[in-house]
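Following: one structure in structure tokens, then a few remarks.
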Amino acid sequence: MVTAGQACKKAYTPQQNALATVRALQRTVPPAVAGVTFLSGGQSELDATKNLNEINKVPG
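FYI, our numbering numbers position 26 of the sequence shown as 42, with every residue one higher than the one before it.
Dropping the structure here:
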């Protein structure tokens, strides 16, 4: 899941995180891969859920 790094001072929205995540996956993961598993990466349960929800809304 693409999120801003610890040193980043700008806060990105879940929608921005979702778009960046989907773009990164589309560019790097072959279509033959059956699925992708996400880890929270230190995000709170609420933030991770918001980001995953927005990822599901991105077309493509």
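The beta-carbon is built from N, C-alpha and C at its ideal position, and this holds for glycine as well. From a predicted model like this one, the values you see are computed outputs, not experimental measurements.
Taking the alpha-carbon of Leu55 as reference, which of Gln31, Ile71, Ala64 and Val49 has the nearest alpha-carbon?
Ala64
Within this structure, are the beta carbons of Val18 and Thr37 separated by less than 7 Å?
yes
Using the beta-carbon count (16 or more within 10 Å), is Asn9 buried or exposed?
Outside the shown range of the chain (17 to 76) lies residue 9, about which nothing can therefore be said.
Answer with buried or exposed for Asn69, where buried requires no fewer than 16 other C-beta atoms within 10 angstroms of its C-beta.
Exposed: under 16 other Cβ atoms inside 10 Å.
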